[in-house]
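To start, the structure under review is shown below, and the notes come after it.
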Amino acid sequence: MWVTVIDVSEADFDAEVIERSRREPVVVDFWAAWCGPCRQLGPLLESAAGAREGKVTLAKLDTDANPRLAGAFRIQGIPAVKAFRDGEVVAEFVGAQPRPSVEAFFDALVPSEVDELIAAGDEASLRRAIELDSARADAAVALGRIVIERGELDEAAALLERAPAGFEADGLRAWIALARDGAFADALAAIDAGERERAFDLLLDALDAGGERREEIRRLLVGELSRLSPADPLARETRRRLAAVLF
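For reference, each letter of the sequence shown is one residue, going 0 to 246 in numbering that gives the first Met the number 0.
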C-alpha cells in the first residue's frame, strides 16, 4: 500500500502543504505527542491516505514544535485536521473521529472512480460511469451528446431522461427534437463539426425569423452557450445578440 505521509514544520510548510496542494489535496494533522486522541486518530488518517494510493498527501505537524503555525491557523484544540486544495483550507474537523467519518472526509477530497471516468470523457468511460452510478446526470449528458452526434436520437433521448432540467440538458433535448423533424440541419451540422460561430449565426437568424420552433432554437442556443466561458468573446457577443433578438 502506497502511504504518502510526511512530517512538516514551519520551515517547509509553504512548500510541502500550500504549494503541494495546488497539485493534489493535502490533509494536515495538527497533533502533539502528549495528546491521547491524536494517537487514536493518527493511524486512521494514515490508513485513509494510504488507501487512496498517492492521490492525497497526509502532512503531520507537531503543534508543540511549531507554535507559530498553530497560532496562524487558530488551533485551539487537538487533534485538528485541515484539508488544503489550491493553497486554501477547504475542509476541517477537530477531535478524534471514527473510521467512517475519516473515510468520508477523504472521499470528499479525492475524485471517485466515477468522477475520474466522467473526466476522461470518452464513450466507454461514460458508459462505465453510468453503470457504477446511474444517478450521475453529468455522465448522461456527456454521453447523450456523443450519441446525438452519431445520429442515435432514441438512445440519446433515453439517456437524457436521467438528467434534470439544465441549460445543456435542455439544449440537447431541443437538438433531438429539431433533428427528428429534419429542421435546421445546417446549424446542427455546424455544432457537430465544432463550427460554433457559424452555428450561432444560423440559430440567431432562425430565432429572429420566428416560427413555431423558436423555443427549441432558443434552448439549443442557450445550451451551447452554457458550455463556453462567460469571458469567451464569442459567448459575450452571442449573448448580446440573443438578448437583442429576444427582448
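C-beta: ideal position from N, C-alpha, C; glycine also. As the structure is a computational prediction, the values presented were derived from the model and not from experiment.
Where in the segment 78 to 104 do unbroken runs of the beta strand (DSSP E), each at least 3 residues long, occur, reported from the N-terminal end onward?
79 to 84, 87 to 93
Measure the Cβ-Cβ separation of G170 and V221 and say whether it is below 8 Å.
It is a contact, given that the beta carbons lie within the stated cut-off.
Could you tell me whether the Cβ atoms of D121 and E148 are closer together than 8 Å?
no
Taking D85 as the reference, which of V26, L201, A134 has the closest Cα?
V26
For F12 and L57, believed in contact at Cβ under 8 Å, the rounded distance:
Contact between L57 and F12 is absent: CB atoms are separated by about 14 Å, not below the 8 Å threshold.
A32 to L60 span [Cα, whole Å]
11 Å
Residue burial classification, G70 (beta-carbon count within 10 angstroms, cutoff 16)
Burial call: exposed.
Member of P78, E15, I5 whose CA lies at the smallest distance from the CA of G35
P78
Since A90 and F104 should fall inside the 8 Å C-beta cutoff, what is the C-beta to C-beta distance between them, to a whole number of angstroms?
7 Å
Segment limits, alpha helix (DSSP H) that includes I216:
213 to 224 is the span of the alpha helix (DSSP H), which, as asked, contains I216.
When the Cα of E52 is compared with those of V140, A155, P24, L177, which residue comes out closest?
P24
Using C-beta distances below 6 Å, list every residue in its chain close to M0, excluding the 5 sequence neighbours before and after it, in chain order.
Here M0 scores only 43 on pLDDT, less than 50, and its place in the model is too uncertain to base an answer on.
Within its chain, find whatever has a CB closer than 6 Å to the CB of Q39; leave out the 5 residues flanking it on each side and keep chain order.
Result list for Q39: A95, in chain order.
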